[in-house]
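J.: Here it is, the structure, as structure tokens.
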Amino acid sequence: MSETVKRDRPWLMRTYSGHSSAKASNELYRMNLSKGQTGLSVAFDLPTQTGYDSDHPLARGEVGKVGVPIDHIGDMEALFDQIPLDQMNTSMTINATAPWLLALYVAVAERQGVDPKQLQGTTQNDVLKEYLSRGTYIYPPGPSVRLTTDLISYTVENIPKWNPTNICSYHLQEAGATPTQELAYALSTAITILDAVRDSGQVTPQRFPAVVGRISFFVNAGIRFVEETCKLRAFNEMWDKLVQERYGVSDEKQRRFRYGVQVNSLGLTESQPENNVQRIVLEMLAVTLSKNARARAIQLPAWNEALGLPRPWDQQWALRMQQVLALETDLLEYGDLFDGSPVIAAKVQELIAGAEAEMTSVQEQGGMVQAIESGYVKRELVKSHTRRIRDIESGDLKIVGVNCYTQTAESPLTAGTDSGIMKVDVQAERDQIAALQAFRANRDQAQVDVSLAALRAAALGGDNIMPCSIACARAGVTTGEWSEVLREVFGEYRAPTGIDIAMAGQVGSAAMDEVRARVRRTSEELGRPLRLLIGKPGLDGHSNGAEQIAVKGRDAGFEIVYEGIRLTPAHIARAAQEEGVHLIGLSVLSGSHLELVEDIRAELATIGASELPLIIGGIIPEDDARQLLTHGVQAVFTPKDVDMNAIMNKLVDIIRRSNGLEALA
Amino acid sequence: MEQPALTADPARLATAVRRGERRALAEALNLLDDRRPASRRLAADFLRHLQEGQPGDPGHLIGMTGPPGAGKSTLTAALIAVWRRRGLRVGVLAVDPSSPISGGALLGDRLRMKTSADDDGVFIRSLACRGEFGGLSAEVWPMSLVMLAAFDVAMIETVGVGQREIDISRMCDTTCFVAQPGSGDSVQFLKAGILEVPHVLVVNKEDMGAVARRTLSELGTALGRAHTDGNWEVPVLSASATAGTGIDALADALTRHREVLGAGDRLRARRRRYQAHWILKRLQEEFGSHGVGQLGGEQAVLQQLASRDTSLFEQLESLRQTLLQPGGKHA
Ligand code: B12
Ligand SMILES: Nc1nc2c(ncn2[C@@H]2O[C@H](COP(=O)(O)OP(=O)(O)O)[C@@H](O)[C@H]2O)c(=O)[nH]1
Ligand SMILES: [Mg+2]
Numbered sequence: 029m030s031e032t033v034k035r036d037r038p039w040l041m042r043t044y045s046g047h048s049s050a051k052a053s054n055e056l057y058r059m060n061l062s063k064g065q066t067g068l069s070v071a072f073d074l075p076t077q078t079g080y081d082s083d084h085p086l087a088r089g090e091v092g093k094v095g096v097p098i099d100h101i102g103d104m105e106a107l108f109d110q111i112p113l114d115q116m117n118t119s120m121t122i123n124a125t126a127p128w129l130l131a132l133y134v135a136v137a138e139r140q141g142v143d144p145k146q147l148q149g150t151t152q153n154d155v156l157k158e159y160l161s162r163g164t165y166i167y168p169p170g171p172s173v174r175l176t177t178d179l180i181s182y183t184v185e186n187i188p189k190w191n192p193t194n195i196c197s198y199h200l201q202e203a204g205a206t207p208t209q210e211l212a213y214a215l216s217t218a219i220t221i222l223d224a225v226r227d228s229g230q231v232t233p234q235r236f237p238a239v240v241g242r243i244s245f246f247v248n249a250g251i252r253f254v255e256e257t258c259k260l261r262a263f264n265e266m267w268d269k270l271v272q273e274r275y276g277v278s279d280e281k282q283r284r285f286r287y288g289v290q291v292n293s294l295g296l297t298e299s300q301p302e303n304n305v306q307r308i309v310l311e312m313l314a315v316t317l318s319k320n321a322r323a324r325a326i327q328l329p330a331w332n333e334a335l336g337l338p339r340p341w342d343q344q345w346a347l348r349m350q351q352v353l354a355l356e357t358d359l360l361e362y363g364d365l366f367d368g369s370p371v372i373a374a375k376v377q378e379l380i381a382g383a384e385a386e387m388t389s390v391q392e393q394g395g396m397v398q399a400i401e402s403g404y405v406k407r408e409l410v411k412s413h414t415r416r417i418r419d420i421e422s423g424d425l426k427i428v429g430v431n432c433y434t435q436t437a438e439s440p441l442t443a444g445t446d447s448g449i450m451k452v453d454v455q456a457e458r459d460q461i462a463a464l465q466a467f468r469a470n471r472d473q474a475q476v477d478v479s480l481a482a483l484r485a486a487a488l489g490g491d492n493i494m495p496c497s498i499a500c501a502r503a504g505v506t507t508g509e510w511s512e513v514l515r516e517v518f519g520e521y522r523a524p525t526g527i528d529i530a531m532a533g534q535v536g537s538a539a540m541d542e543v544r545a546r547v548r549r550t551s552e553e554l555g556r557p558l559r560l561l562i563g564k565p566g567l568d569g570h571s572n573g574a575e576q577i578a579v580k581g582r583d584a585g586f587e588i589v590y591e592g593i594r595l596t597p598a599h600i601a602r603a604a605q606e607e608g609v610h611l612i613g614l615s616v617l618s619g620s621h622l623e624l625v626e627d628i629r630a631e632l633a634t635i636g637a638s639e640l641p642l643i644i645g646g647i648i649p650e651d652d653a654r655q656l657l658t659h660g661v662q663a664v665f666t667p668k669d670v671d672m673n674a675i676m677n678k679l680v681d682i683i684r685r686s687n688g689l690e691a692l693a
Numbered sequence: 016m017e018q019p020a021l022t023a024d025p026a027r028l029a030t031a032v033r034r035g036e037r038r039a040l041a042e043a044l045n046l047l048d049d050r051r052p053a054s055r056r057l058a059a060d061f062l063r064h065l066q067e068g069q070p071g072d073p074g075h076l077i078g079m080t081g082p083p084g085a086g087k088s089t090l091t092a093a094l095i096a097v098w099r100r101r102g103l104r105v106g107v108l109a110v111d112p113s114s115p116i117s118g119g120a121l122l123g124d125r126l127r128m129k130t131s132a133d134d135d136g137v138f139i140r141s142l143a144c145r146g147e148f149g150g151l152s153a154e155v156w157p158m159s160l161v162m163l164a165a166f167d168v169a170m171i172e173t174v175g176v177g178q179r180e181i182d183i184s185r186m187c188d189t190t191c192f193v194a195q196p197g198s199g200d201s202v203q204f205l206k207a208g209i210l211e212v213p214h215v216l217v218v219n220k221e222d223m224g225a226v227a228r229r230t231l232s233e234l235g236t237a238l239g240r241a242h243t244d245g246n247w248e249v250p251v252l253s254a255s256a257t258a259g260t261g262i263d264a265l266a267d268a269l270t271r272h273r274e275v276l277g278a279g280d281r282l283r284a285r286r287r288r289y290q291a292h293w294i295l296k297r298l299q300e301e302f303g304s305h306g307v308g309q310l311g312g313e314q315a316v317l318q319q320l321a322s323r324d325t326s327l328f329e330q331l332e333s334l335r336q337t338l339l340q341p342g343g344k345h346a
């Protein structure tokens, strides 16, 4: 290669990671940085994301599982031990508790002797998509928007290099959104947040363009990579127009559509998981090929995405995919490859037209908050996902290794003793709890009480939430305490489930007719309609599977009881009894299935309902599935069970068996 | 060890229900939902035991009706909180629509009625209004007897579409109509006399401001007629289920109506009369006016139902059997 070839600088390469404890995650981060990773992307565990301390009853089984537990400043300090924060670019996937985690980060920087003005990084801080997809919301939409705007207003003045919010369309696609929906709902969210910042009066009109300039996005890239390239170009064009027209931003730099990416994970399969590598690489092309719509930062999932958590080697493989593209290929030597292509331009305009129409619809409903509260947006997403699932079932949407070319040789990838996934040490939860209790015992309680009182006053009074949160961080307040004060002030929220969609296109297939006949016949034999309770216990927010089973179950003739995510085992057991259901179906993807099943069985026994059969679906490794089946669970379903009719038939079989009816042919 | 089902012993089941035992309640409701002939006989037996062992006519059966989305479920949840604060135990029957194609249903009201899992004073059962019986599912009436026997307050939330609202007022002590701000439908229905006059009218979502106030005033003027319940003047209230305003006043109005109905023979006769109408409707739906004709016509059936002292459910069952007999001329 000649010396004179000018190459663009590659994007930031990140690996989304964190697990067990701050100490273990810190070791992992330092190892990744030594491998050439250029930024950090912190995954927090679910208690930290939903505002509970590690020793809260709702945290049982979840501590340190899908991310790192951060209970207080001591944990945050350990997480960044020997990582100088003035030189780091840290992305934190944190939303409802974002002001709190940023406060801890600032307090740790102070302890390291770093001026907060130098800090660089991102807080995701987009709660609206939590109600629609990601599930780690706590407070009602109104107060959540206020917390979001407080954080934004604070950083613009005090941590100017910080990206205070990452408006996310990534999670919408993971919940089934089409490209048009991704564009429309993400941009509608951005409008809601920017309007709120403007109307809060915390930022002067002169400074407002700077706020707009700090807004960044977190986008998805699916397997239809040509269309996805066009989607990113559409984002560019729409954002540029929007910030000029709505907010009067003229500086070109402040108008730029800046985005990071995680490529699509919903389409990554449990069957023939090696094929996921091709998918990930193709999806990465969508956000890198077009120079004018290229991502600023990319993180990739691993080949074993649908099996469980990735091991360090799996993450290294994903990082190497990026490095090969950026360093070995000639991609970074060219200008934009698509400018001037009429094919691309036409597709971009088509996407823009669709997205603008949907944005108008949201505006007519009063904006994104209203359209979320009424259940409209969630219903639209569930509808899209239902369409996708039906297309996979019918074979209209081809997925190699899943609904075509399913023959496979034995895979060496999953042959190891760990079955090819990361196992989190169960001791980690106990250690974390012990350390937390020791921390509480050793702090200055008077200082804690004063700081919490100031926090409550700010929440009630409307002062910016950040300064008093930083004071709380310094004083040794815990994540649960900070969140609880705001729970008391703002209240808690349950989001619409979106499953009450109109049933479109009910052209019954032969298989569906057969399922319905079995359901009807069994209902008649048992004297009343078959009832199924779908339960999401624990802190897990993955609702797609539960929603699709609910929609399908209704189509099949079941009466469905589904109350949404994050319910306690006691609540689920009692609801099952009150509703007189024939079967309880749990859906757990967060990895805490063993603990939760044990708890629910205990609750059922307490209320005299042990006879109710129990099944479970989700990310359940084979060893655990065997264990569950020997502990009274009647069936275990995982992502490779894509035939929904077969699932429904199995549910009928289980209900028949547990009611002493003979099996149907 | 597994406890044996209580259903096999109707007398014991009735005693346990009256004590408010949750497992017994669940089983009793399952039994009343069960359409198999043997279960219907057990159910009749059970209901007889339930009523025999009942001193006086306790409880308050409240129907919540109104258009979908008006906030019936949310308002019910808010009322539950008020009743609980007042030391009253509450049972709820929530009715949702079912799919005409598969018969399947999503029972979604419960989601809005989030209750604490360890509160023994609240029990919610959802029901699908199953195709053939319009607004209320046929099982709601017998189930409401169970709720009345076990709880201080029993509430029924219906799908609430137009005409069907009449069903609920034929069954409950107090009917509460929940209006949606800005929707003229309820006003029109009231004026045209399509809507049976409810005992309490409430415009929900007063947090929406002007549009709620406008609906409130329109409803007030539409209420030209006095209520058939003698000296009861229908209150027109305003509330917000989500902001929690006006809920206590609504609860007070509902309770006041129950007090007006009194107790003893007068209340018993009213309940019996209302229920007789409801049974007649069920018979008409199942067997048509032709079937009712075979039983001697509407008036005869009503008279018979109101006068005999056997349980109404047993009478319904025996009338059904008469018509279902091979000798009966129903096709
Ligand atoms: C989509 C997705 C998301 C979406 C969820 C959107 C939503 N509203 O559901 C988003 C982007 C928000 C998300 C977020 C997170 N995710 Co995620 N996510 C996935 C992903 C890619 C697909 C899951 C999915 O929806 N599949 C489609 C549905 C239809 O399939 P399903 O749920 O498996 O259901 C099928 C069967 O399992 C079965 N089934 C399931 N439930 C039930 C119930 C009954 C009754 C029956 C009969 C059958 C049944 O039937 C269905 C039909 O096929 C998986 C990986 C993968 N490819 O599977 C990771 C995955 C589940 N996520 C994971 C993690 C860690 C997270 C996070 C916690 C990350 C973090 N630290 O912040 C967050 C937080 C989420 C939260 N609040 O809990 C991990 C879980 C690891 C583990 N268990 O060990 C996974 C496995 C990825 C990974 N390898 O790391 N995620
Ligand atoms: N603004 C406002 N919204 C409400 C109020 N009560 C209910 N809602 C909302 O109205 C929608 C429908 O409520 P729901 O109780 O399910 O209505 P139902 O169909 O009549 O049972 C939900 O989105 C509620 O959050 C209220 O007092 N004010
Ligand atoms: Mg309702």
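These protein sequences, in sequence, are chains A and B.
In this text, residue positions in the first sequence follow my numbering: the first is 29, and each later residue adds one.
In this text, residue positions in the second sequence follow my numbering: the first is 16, and each later residue adds one.
Don't be surprised by glycine CBs; every beta carbon is placed ideally from N, CA and C.
Computed from a predicted structure; not experimentally measured.
#1: Mind pulling the chain B residues with CB within less than 7 Å of F586 of chain A?
#2: Once DSSP output is grouped into helix, strand and coil, what is the label at M170 of chain B?
#3: How should D134 of chain B be labelled, buried or exposed, when 16 other C-beta atoms within 10 angstroms of its C-beta is the threshold for buried?
#4: Do you know whose CA, among A:V239, A:D223 and A:G295, lies nearest R274 of chain A's CA?
#5: Quick check on DSSP: helix, strand or coil for M41 of chain A?
#6: Which parts of the region 203–279 of chain B are runs of the alpha helix (DSSP H), unbroken and 4 residues or longer, counting only runs that do not cross its ends?
#7: Compute the distance between the beta-carbons of I171 of chain B and L108 of chain B, then report whether it is under 8 Å.
#8: For the region 27–55 of chain B, list every residue whose C-beta sits within 7 Å of some C-beta in chain A, in sequence order.
#9: Between the alpha carbons of H621 of chain A and I648 of chain A, how many angstroms are there, rounded?
#10: Just verifying my parser: in three-state terms, what is the DSSP assignment at N153 of chain A?
#11: Within 8 Å, do at least three Cβ pairs link the region 49–68 of chain A to the region 537–557 of chain A?
#12: For G119 of chain B and F236 of chain A, what's the separation of their Cα atoms in angstroms?
#13: Taking only heavy atoms of ligand 1 into account, decide whether any of them is closer than 7 Å to the Cβ of N194 of chain A.
#14: Write down the C-beta distance between P169 of chain A and E401 of chain A rounded to the nearest angstrom, noting that I regard them as a contact closer than 8 Å.
#15: Going by the beta-carbon positions, is the gap between A165 of chain B and L40 of chain B smaller than 8 Å?
#16: Considering only the alpha carbon of each residue, which of A:N123, A:G490, A:D364 and A:L156 lies closest to G229 of chain A?
#17: Let's see if you can read the secondary structure: which residues bound the beta strand (DSSP E) around G106 of chain B?
#18: Comparing the CB of E172 of chain B with every heavy atom of ligand 3, is any distance shorter than 7 Å?
#19: Is any heavy atom of ligand 2 found at a distance shorter than 7 Å from the C-beta of M349 of chain A?
#20: Would G533 of chain A count as contacting chain B if we go by Cβ distances under 8 Å?
#21: Taking 8 Å as the threshold (beta carbon to beta carbon), is I675 of chain A in contact with chain B?
#22: Alpha carbon to alpha carbon, what distance is there between L409 of chain A and I251 of chain A?
#23: Counting only beta-carbon atoms, is F328 of chain B nearer than 8 Å to chain D?
#24: Where do the ends of the beta strand (DSSP E) carrying Y404 of chain A lie?
#25: A143 of chain B CB to nearest chain A CB: under 8 Å?
#26: Using a beta-carbon distance cut-off of less than 7 Å, what residues from the region 62–91 of chain B approach chain A?
#27: Check whether chain A comes within 8 Å of G279 of chain B, counting only Cβ atoms and requiring the distance to be less than that.
#28: Just checking K580 of chain A against ligand 2 - is the residue's beta carbon closer than 7 Å to any of the ligand's heavy atoms?
#29: Please list, in chain order, all residues of the same chain as A26 of chain A whose beta carbon is under 6 Å from its beta carbon, the five residues on each side excluded.
#30: Ordered along the chain, which non-local residues of its own chain (more than five positions away) have a Cβ less than 8 Å from that of G10 of chain B?
#31: Going by CA-CA distance only, name the one from A:I682, A:A52 and A:V454 that's closest to P340 of chain A.
T.: Once the coordinates are examined:
#1: Against the first sequence, residue 586 of chain A aligns to sequence position 558. Those within 7 Å of F586 of chain A in chain B are G119.
#2: The residue labelled residue 170 of chain B in the question sits at position 155 within the second sequence. Residue state, collapsed to three classes: strand.
#3: As a first step, residue 134 of chain B must be located in the second sequence, where it is residue number 119. So D134 of chain B ends up on the exposed side.
#4: Along the first sequence, read from residue 1 onward, the residue named residue 274 of chain A stands at position 246. Nearest C-alpha to R274 of chain A: A:D223.
#5: Within the first sequence, residue 41 of chain A is the residue found at index 13, counting from 1. Here M41 of chain A sits in strand by DSSP.
#6: 225–237 and 262–276
#7: As a first step, residue 171 of chain B is located in the second sequence; it is residue number 156 there, counting from the start. As a first step, residue 108 of chain B is located in the second sequence; it is residue number 93 there, counting from the start. Their beta carbons are under 8 Å apart, which means I171 of chain B touches L108 of chain B by this criterion.
#8: R37, R38, A41, L44, N45, D48, D49, R50, R51 and S54
#9: As a working mapping, residue 621 of chain A is identified with position 593 in the first sequence. As a working mapping, residue 648 of chain A is identified with position 620 in the first sequence. Approximately 7 Å, taken between the alpha carbons.
#10: Start at 1 with the first residue of the first sequence, and residue 153 of chain A comes out as number 125. DSSP places N153 of chain A in coil when its eight states are reduced to three.
#11: Touching, no, given that fewer than three Cβ pairs across the two stretches are closer than 8 Å.
#12: Position 104 of the second sequence holds residue 119 of chain B. Position 208 of the first sequence holds residue 236 of chain A. If you draw a straight line from the Cα of G119 of chain B to the Cα of F236 of chain A, it comes to about 52 Å.
#13: As a first step, residue 194 of chain A is located in the first sequence; it is residue number 166 there, counting from the start. Closer than 7 Å to some heavy atom of ligand 1: that does not describe the Cβ of N194 of chain A.
#14: On the first sequence, residue 169 of chain A is found 141 positions in, with the first residue counted as 1. On the first sequence, residue 401 of chain A is found 373 positions in, with the first residue counted as 1. Cβ atoms of P169 of chain A and E401 of chain A come within 8 Å of each other, at about 6 Å.
#15: As a position in the second sequence, residue 165 of chain B is number 150, starting the count at 1. As a position in the second sequence, residue 40 of chain B is number 25, starting the count at 1. Cβ distance < 8 Å, so A165 of chain B and L40 of chain B count as in contact.
#16: Numbered from 1 along the first sequence, position 201 holds the residue referred to as residue 229 of chain A. Checking every option, the nearest Cα to that of G229 of chain A belongs to A:G490.
#17: Within the second sequence, residue 106 of chain B is the residue found at index 91, counting from 1. Element bounds for G106 of chain B: V105 to P112.
#18: Working through the second sequence from its first residue, we reach residue 172 of chain B at position 157. The answer is yes for E172 of chain B.
#19: Locating residue 349 of chain A in the first sequence gives position 321, counting from the first residue. Checking every heavy atom of ligand 2 against the Cβ of M349 of chain A, none is found closer than 7 Å.
#20: Working through the first sequence from its first residue, we reach residue 533 of chain A at position 505. Because the pLDDT of G533 of chain A is 47, which lies under 50, any placement of that residue in the model is unreliable, and the number read from its coordinates should be weighed accordingly. No, G533 of chain A lies away from the interface with chain B (no Cβ there is under 8 Å from its Cβ).
#21: Along the first sequence, read from residue 1 onward, the residue named residue 675 of chain A stands at position 647. Cβ-Cβ to chain B under 8 Å: no for I675 of chain A.
#22: Here the question's residue 251 of chain A lines up with position 223 in the first sequence. Here the question's residue 409 of chain A lines up with position 381 in the first sequence. Straight-line Cα distance between these residues: approximately 19 Å.
#23: Considering every chain present, this structure includes no chain D. Its protein chains are A and B.
#24: Residue numbering aside, residue 404 of chain A sits at position 376 when the first sequence is read from its first letter. Where Y404 of chain A is concerned, there is no enclosing beta strand (DSSP E), although the alpha helix (DSSP H) around it starts and stops at Y404 to S422.
#25: By one-based count along the second sequence, residue 143 of chain B stands at place 128. Interface residue, yes.
#26: none
#27: On the second sequence, position 264 is the one that residue 279 of chain B refers to. The Cβ of G279 of chain B sits no closer than 8 Å to any Cβ of chain A.
#28: Locating residue 580 of chain A in the first sequence gives position 552, counting from the first residue. No, since every heavy atom of ligand 2 falls outside the 7 Å radius drawn around the Cβ of K580 of chain A.
#29: What is shown of chain A runs 29 to 693, which leaves residue 26 of chain A out entirely.
#30: Nothing about residue 10 of chain B can be read from this structure; chain B reaches only from 16 to 346.
#31: The count along the first sequence starts at 1 and reaches residue 340 of chain A at position 312. Considering only alpha carbons, the answer is A:A52.
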